[in-house]
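In the numbering used here, the protein residues as written are 1 to 85.
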């Protein structure tokens, strides 16, 4: 169902926020760079629009991370990995 969802008890909330934050900042940066690259000249870039679109991308990244992100392990997966070693 929802693997590594932040609402699961087996997910470390602090680790989830850290990993989701890193992911959101990367998404913001990627969107920002791609929006600026589309502008024909540096002076022609609509900076408010670029920041607005990048901000929306950041929020959407966090929202989609709620369902789960592979970077965060659950206590269940950590136990399985320890048993395999």
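Using N, Cα and C, we set each Cβ at its ideal position, and we do this for glycine too.
Spatial distance of residue i from residue j (CA atoms)
i	j	result
residue 58	residue 25	7 Å
residue 30	residue 61	12 Å
residue 38	residue 64	26 Å
residue 56	residue 50	10 Å
Classification of residue i by the beta-carbon crowding that lies within 10 angstroms, buried from 16 upward
i	result
residue 69	buried
residue 20	buried
residue 27	buried
residue 11	buried
residue 47	exposed
residue 43	exposed
Residue range of the alpha helix (DSSP H) that includes residue i
i	result
residue 15	13-38
residue 54	47-65
Distance cut-off 7 Å: residue i Cβ against heavy atoms of the ligand ADP
i	result
residue 49	In the structure shown, the ligand ADP is absent, as is every other ligand, since no ligand is present at all.
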